[in-house]
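Our numbering numbers the first residue of the sequence shown as 20 and each following residue consecutively. Where a beta carbon is used, it is the ideal one built from N, C-alpha and C, also for glycine. Structure record follows, encoded as structure tokens.
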Amino acid sequence: MAQPRPSSFDDLVAEGDSVPTEGWDFSWFEGRATEARPSWGYARSLADRLAGATAALDVQTGGGEVLDFALGTAAPHRPPLVVATEGWAPNVAEATRRLRPRGVPVVDSADDAPLPFADGAFDLVVSRHPVEPHWDDIARVLAPGGTYFAQHVGPASVFELIEYFLGPLPEASHRHRRPEDERAAAEAAGLEVVDLRAERLRMEFHDVGAVVHFLRKVVWMVPGFTVEAYRDRLRELHERIGAGGPFVAHSARHLFDVRKPEPGRGRAS
């Protein structure tokens, strides 16, 4: 029999503060928080791309959950060579455990470090929610005619929640990660943007425990977040949810389909 879910402020906060945060499995949020998914279905689209590749690199794989799903869906048409990178130690261990049975090595590489691979090593480079896309390095490791296929976090993503705790952020923060700016950076690196789509998606947090777990898991949202530091704001949020229903925020996502032109062909007009 399922245990009843805690409802008091102290119990909800304690639960959200104790759940392990390794990897990018968000199943714990079932019934407690929701986020609409982009219409393009990144994981399934990724499986289609993998089925047509020969050598693939997943940059900043997290716990390897998305790549694992996509490889399972693409099998037996997966690429002969698949490699992943990750820079956060707990996720390196989690991704290694998950991806080793699929024959995928996970390379411990800092998010801001150059990719530790030879020029033109991959015909497909993918990433889901990279911290920052390093376009020159992506272009370097892509083979001519190769593709970068990725889902990025867009501008002002979940800012309703972030600003609830931190207060209003500078206007420059709201403009960071704009798709049009990333398009310009990709093109400056010599890449051709074949397709670029963007969506804003509704999120709902149904209890304060879900907020605590989310901010512990996605650590860059409210840097240095702890229950102790934000207990008063958390209590106010608990009361607000109790009186008015779920806390609503919006995530921003955009999908990049980018190609490295072959020599002598240049960009498509």
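Check, Outcome
"From 131, 64, 155, 194, pick the residue whose C-alpha is nearest to that of residue 205; which is it?", "155"
"Count Cβ pairs between the stretch 29-45 and the stretch 193-203 that sit closer than 8 Å; are there 3 or more?", "no"
"Do residue 147 and residue 85 have their beta-carbon atoms positioned less than 7 Å apart in this structure?", "yes"
"Have a look at residue 213 and residue 274 and give me their C-alpha separation to the nearest angstrom.", "11 Å"
"Give the C-beta separation of residue 28 and residue 257 to the nearest angstrom, bearing in mind that I take them to be a contact with Cβ-Cβ under 8 Å.", "5 Å"
"Which residue comes first and which comes last in the alpha helix (DSSP H) that contains residue 87?", "84-93"
"Report the three-state DSSP secondary structure of residue 45 (helix, strand or coil).", "coil"
"On the CB-based measure, 16 or more other CB atoms within 10 Å of its CB, does residue 270 come out buried or exposed?", "buried"
"Are the Cβ atoms of residue 111 and residue 75 separated by less than 7 Å?", "no"
"Just to confirm, is the Cβ distance from residue 91 to residue 114 under 7 Å?", "no"
"Taking buried to mean at least 16 other C-beta atoms within 10 Å of its own C-beta, is residue 89 buried or exposed?", "buried"
"How far does the beta strand (DSSP E) with residue 163 in it extend, from its first residue to its last?", "161-172"
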